[in-house]
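Trainee:
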Amino acid sequence: MKIETRAVHAGRKPEGGSRDVVPAIHLSTTFHKADDGSLPGGYLYGRPNNPNRESLERALASLEEGAAALAFSSGSAATLAVFQSLAPGDHVIAAEDAYYGTPILLRTVMANWGLKHTLVNMQDLSAVARAITPATRLIWTETPSNPLLNVTDLRAIVALAKKCGAIVACDNTWATPLFQLPLNLGVDVVMHSVTKYLSGHSDVTLGALVFRENLGKENGGEDKSPLLEKITSIQHEGGAVPSPFECWLTLRGLQTFPYRVRAHSENAHRVAAFLSTQPKIEAVHYPGLRSHPGHKIAAAQMSGFGGMMSIQVKGGQAEAFKLIAGLKLFSHATSLGSTHSLIEHRASVEGAATRSPANLLRLSIGLEHPDDLIDDLAQALKKL
Ligand SMILES: Cc1ncc(COP(=O)(O)O)c(C=O)c1O
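The working numbering numbers the first residue of the sequence shown as 87 and each following residue consecutively.
As structure tokens, this is what we get:
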């Protein structure tokens with residue numbers, strides 16, 4: 087079935103005596119056992135499992151065309167679980183321009199664990215090849231990247247990883263499964279900050295991992311893959327799980343996700359085209375523009391370019407902040423992927439290790455009419 091249909095139906099089943107069409111919220115943290123100690127409903131306790139979380143995980147697996155999904159309390163908790171599935175002494179190659187929190191996890195939490203890492207330019211395939219060591223177990227990609235919108239050739243990275251026996255993870259938060267299906271390109275695990283487009287309304291903090299393999303015995307497939315097995319255990323024993331209400335809200339938001347993301351992307355394309363004609367804008371980073379260095383790869387592995395862009399404002403940081411101050415429709419706030427348009431100066435958020443130029447602003451294009459967004463930007467640019 088097409089993604090619009092799966093977004094509405096996947097993971098849902100009529101529940102309980104009332105046979106609700108809209109799923110109920112299951113707040114119970116504990117579930118009745120039969121006299122022999124078995125679990126007639128299939129649920130034991132809220133940390134390992136919950137009906138709302140299970141529905142959401144099935145829906146997310148379906149949207150990413152994966153075999154299984156696990157939901158976490160945030161995108162960063164999902165990322166951390168992938169790193170924690172590795173052993174001390176293992177080596178990770180990660181994109182140097184990944185979401186800034188990802189290298190922080192490697193530098194701080196996981197360095198104490200003894201996990202080694204090398205940050206590389208994922209666009210430079212020979213640099214990736216040179217970074218491989220006998221201990222390399224994981225290549226972490228993010229495409230398009232946050233906030234520079236660099237595009238990584240996923241097929242090429244998968245080919246390199248196969249040669250050294252590493253797995254490949256892809257942060258698919260910005261592309262979303264509407265536009266990019268990394269598992270079908272050979273990636274082993276997709277990570278999402280579901281906080282963004284998938285939930286879509288800036289009112290949920292949630293993360294997810296979707297795995298290419300394996301269905302698990304209960305679904306008629308083979309046993310869980312070692313990776314899925316390990317990360318399921320980290321989720322169950324570590325307990326970085328989302329609440330039933332947040333799972334329910336996400337499942338609600340997912341129903342409109344393909345339509346929302348298509349509109350985000352159409353709006354962004356128009357805004358990017360407008361901004362690239364403006365004399366006070368030094369650069370527009372949007373992979374949908376033919377001038378973008380990753381446009382060709384993006385066009386080959388994505389079916390749309392998404393709702394995110396970044397721009398560089400002539401005159402530096404002060405002018406960039408002046409542009410923000412002049413805007414009326416864009417909210418000056420962090421995060422992305424929601425109905426309302428957001429703008430943010432990334433270097434001041436990302437701290438000393440930032441790779442964002444001082445004059446760079448990140449724009450999350452919302453679902454307002456694009457003419458209104460362009461008018462707003464035009465009037466703010468006039469004030470510079
Ligand atoms: C691309 C990307 N990955 C990961 C994250 C982290 O997700 P969360 O904030 O849900 O922990 C973010 C958050 O901004 C993101 O944009």
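All C-beta atoms, glycine included, are put in the ideal place defined by N, C-alpha and C.
In this text the structure is predicted, and so the values were computed from the model without any measurement.
Use the C-beta contact count for F476: other C-beta atoms within 10 angstroms, 16 or more gives buried, fewer gives exposed.
Mentor: Because the chain spans 87 through 470 in this model, residue 476 falls outside it and cannot be assessed.
Trainee: Return the chain-ordered list of same chain residues with a C-beta closer than 6 Å to the C-beta of F297, the five sequence neighbours on each side being excluded.
Mentor: As a working mapping, residue 297 is identified with position 211 in the sequence shown. Correct list, in chain order: G152, A153, A154, V275, L314.
Trainee: Flag E228 as yes when its Cβ comes closer than 7 Å to any non-hydrogen atom of ligand 1, and as no otherwise.
Mentor: As a working note, residue 228 is residue 142 in the sequence shown. Because some heavy atom of ligand 1 lies under 7 Å away, the Cβ of E228 counts as near it: yes.
Trainee: If you follow the alpha helix (DSSP H) that I460 is in, where does it begin and where does it stop?
Mentor: Translated into the one-based positions of the sequence shown, residue 460 becomes position 374. Counted as a single uninterrupted DSSP element, the alpha helix (DSSP H) harbouring I460 occupies residues 456-468.
Trainee: Relative to the alpha-carbon of I460, which residue among H378, H431, T363, G325 has its alpha-carbon at the smallest distance?
Mentor: Here residue 460 corresponds to residue number 374 of the sequence shown, with the count starting at 1. When only C-alpha atoms are compared, the closest one is T363.
Trainee: Kindly indicate the opening and closing residues of the alpha helix (DSSP H) around F169.
Mentor: Residue mapping note: residue 169 aligns to position 83 of the sequence shown, counting from 1. 161-170 is the span of the alpha helix (DSSP H), which, as asked, contains F169.
Trainee: From P233 to A173, what does the alpha carbon distance come to, in whole angstroms?
Mentor: Stepping through the sequence shown from its first residue, residue 233 is reached at position 147. Stepping through the sequence shown from its first residue, residue 173 is reached at position 87. Rounded to the nearest angstrom, the two C-alpha atoms are 30 Å apart.
Trainee: Alpha carbon to alpha carbon, what distance is there between L192 and H418?
Mentor: Here residue 418 refers to the residue found at position 332 of the sequence shown. Here residue 192 refers to the residue found at position 106 of the sequence shown. If I take the Cα positions, the gap works out to 29 Å.
Trainee: Would DSSP call S362 helix, strand or coil?
Mentor: Within the sequence shown, numbered from 1, the residue matching residue 362 stands at position 276. Residue state for S362 is assigned as coil, using DSSP reduced to three classes.
Trainee: Three-state secondary structure (DSSP) at G187?
Mentor: Here the question's residue 187 lines up with position 101 in the sequence shown. If DSSP states are grouped into helix, strand and coil, G187 belongs with the helices.
Trainee: Taking only runs that begin and end inside the segment 217-269, name each unbroken alpha helix (DSSP H) of 4 or more residues, in chain order.
Mentor: 240-250, 262-265
Trainee: Starting from I519, trace the alpha helix (DSSP H) in both directions and tell me its first and last residue.
Mentor: For residue 519 there is no data in the structure shown, the boundaries of the chain being 87 and 470.
Trainee: H322 to E140, Cα distance in whole Å?
Mentor: Counting from one through the sequence shown, the residue named residue 322 turns up at place 236. Counting from one through the sequence shown, the residue named residue 140 turns up at place 54. Approximately 13 Å, taken between the alpha carbons.
Trainee: Tell me S417's beta-bridge partners as DSSP assigns them.
Mentor: Position 331 of the sequence shown, counted from the first residue, corresponds to residue 417. Per DSSP, L428.
Trainee: Helix or strand or just coil, what does DSSP make of V357?
Mentor: As a first step, residue 357 must be located in the sequence shown, where it is residue number 271. Three-state result, V357: helix.
Trainee: Determine the contact status of L284 and T262, defining contact as a CB-CB distance below 8 Å.
Mentor: Here residue 284 corresponds to residue number 198 of the sequence shown, with the count starting at 1. Here residue 262 corresponds to residue number 176 of the sequence shown, with the count starting at 1. Cβ distance < 8 Å, so L284 and T262 count as in contact.
Trainee: Evaluate R216 with the Cβ neighbour count: other Cβ atoms within 10 Å of its Cβ, from every protein chain shown; 16 or more gives buried, anything less gives exposed.
Mentor: Here the question's residue 216 lines up with position 130 in the sequence shown. Flag for R216 reads exposed.
Trainee: Using the C-alpha atoms, what's the distance from R448 back to G423?
Mentor: Locating residue 423 in the sequence shown gives position 337, counting from the first residue. Locating residue 448 in the sequence shown gives position 362, counting from the first residue. Each residue's Cα considered, the two are about 12 Å apart.
Trainee: Checking 8 Å against the spacing of the C-beta atoms, do P109 and N135 come in under that value?
Mentor: Here the question's residue 109 lines up with position 23 in the sequence shown. Here the question's residue 135 lines up with position 49 in the sequence shown. It is not a contact, given that the beta carbons lie outside the stated cut-off.
Trainee: Helix, strand or coil: how does DSSP classify G97 here?
Mentor: To locate residue 97, count along the sequence shown from 1; it is residue 11. DSSP places G97 in coil when its eight states are reduced to three.
Trainee: How is V275 classed by DSSP in three states: helix, strand or coil?
Mentor: Numbered from its first residue, the sequence shown carries residue 275 at position 189. It is a strand residue.
Trainee: Any heavy atom of ligand 1 closer than 7 Å to the CB of L422?
Mentor: For the purposes of this step, residue 422 is taken as residue 336 along the sequence shown, with counting starting at 1. At least one heavy atom of ligand 1 is nearer than 7 Å to the Cβ of L422, so yes.
Trainee: State the DSSP-derived secondary structure class of E491, mapped to helix, strand or coil.
Mentor: Summary: the structure shown does not reach residue 491, with the chain confined to residues 87 through 470, and so no result is reported for it.
Trainee: What residue range is occupied by the uninterrupted beta strand (DSSP E) comprising I397?
Mentor: Position 311 of the sequence shown holds residue 397. Taken as a continuous stretch (DSSP letters only), the beta strand (DSSP E) holding I397 covers 394-399.
Trainee: Rounded to the nearest angstrom, what separates A406 and S450 at their Cα positions?
Mentor: Counting from one through the sequence shown, the residue named residue 406 turns up at place 320. Counting from one through the sequence shown, the residue named residue 450 turns up at place 364. Computed Cα separation, rounded: 16 Å.
Trainee: When we look at the beta-carbon of S311 and count the other beta-carbons within 10 Å, is it buried (16 or more) or exposed?
Mentor: Here the question's residue 311 lines up with position 225 in the sequence shown. With 16 or more Cβ atoms within 10 Å of its Cβ, S311 is classed as buried.
Trainee: Leaving out the 5 sequence neighbours to the left and right, which residues in its chain are closer than 6 Å to N353 when beta-carbon positions are compared?
Mentor: The count along the sequence shown starts at 1 and reaches residue 353 at position 267. Contacts found: I451, P456.
Trainee: For chain D, is any of its Cβ atoms less than 8 Å away from the one on A384?
Mentor: Looking at the structure shown, chain D is missing, and only one protein chain is on hand.
Trainee: I need the straight-line Cα distance from T91 to S114, nearest angstrom please.
Mentor: Here residue 91 is taken as the residue at index 5 of the sequence shown, counted from 1. Here residue 114 is taken as the residue at index 28 of the sequence shown, counted from 1. Between T91 and S114, the C-alpha separation is close to 30 Å.
Trainee: Apart from the five residues on each side of it in sequence, which residues of its chain come closer than 8 Å, Cβ to Cβ, to I367?
Mentor: The residue labelled residue 367 in the question sits at position 281 within the sequence shown. Answer for I367: L361, I397, Q398, V399, K400, L467, listed in chain order.
Trainee: Exposed or buried, M87, counting other C-beta atoms within 10 Å across all chains shown (16 or more means buried)?
Mentor: Translated into positions along the sequence shown, residue 87 becomes position 1. Label assigned to M87: exposed.
Trainee: Give every residue of the same chain whose Cβ lies closer than 8 Å to the Cβ of C333, excluding the five residues on either side of it in the sequence, and list them in chain order.
Mentor: Here residue 333 refers to the residue found at position 247 of the sequence shown. Hits under 8 Å: N136, N138, R139, S141, L142, A157, L292.
Trainee: Sorted by chain position, which residues of the same chain lie with C-beta nearer than 7 Å to N305's C-beta, five sequence neighbours on each side aside?
Mentor: Translated into the one-based positions of the sequence shown, residue 305 becomes position 219. Note that N305 scores a pLDDT of 49, beneath 50, so its modelled location is shaky; the value from the coordinates is reported in the next line. There are no such residues.
Trainee: Using the Cα positions of Q465 and V206, report the straight-line distance between them to the nearest angstrom.
Mentor: Along the sequence shown, one-based indexing puts residue 465 at 379. Along the sequence shown, one-based indexing puts residue 206 at 120. Whole-angstrom Cα-Cα distance: 39 Å.
Trainee: Can you tell me where the alpha helix (DSSP H) with I410 in it begins and where it stops?
Mentor: Along the sequence shown, one-based indexing puts residue 410 at 324. Looking at the DSSP string, the run of the alpha helix (DSSP H) that includes I410 is 403-412.
Trainee: Any idea what DSSP makes of S483, helix, strand or coil?
Mentor: Within the shown structure, residues of the chain are numbered from 87 to 470, placing residue 483 beyond reach of any answer.
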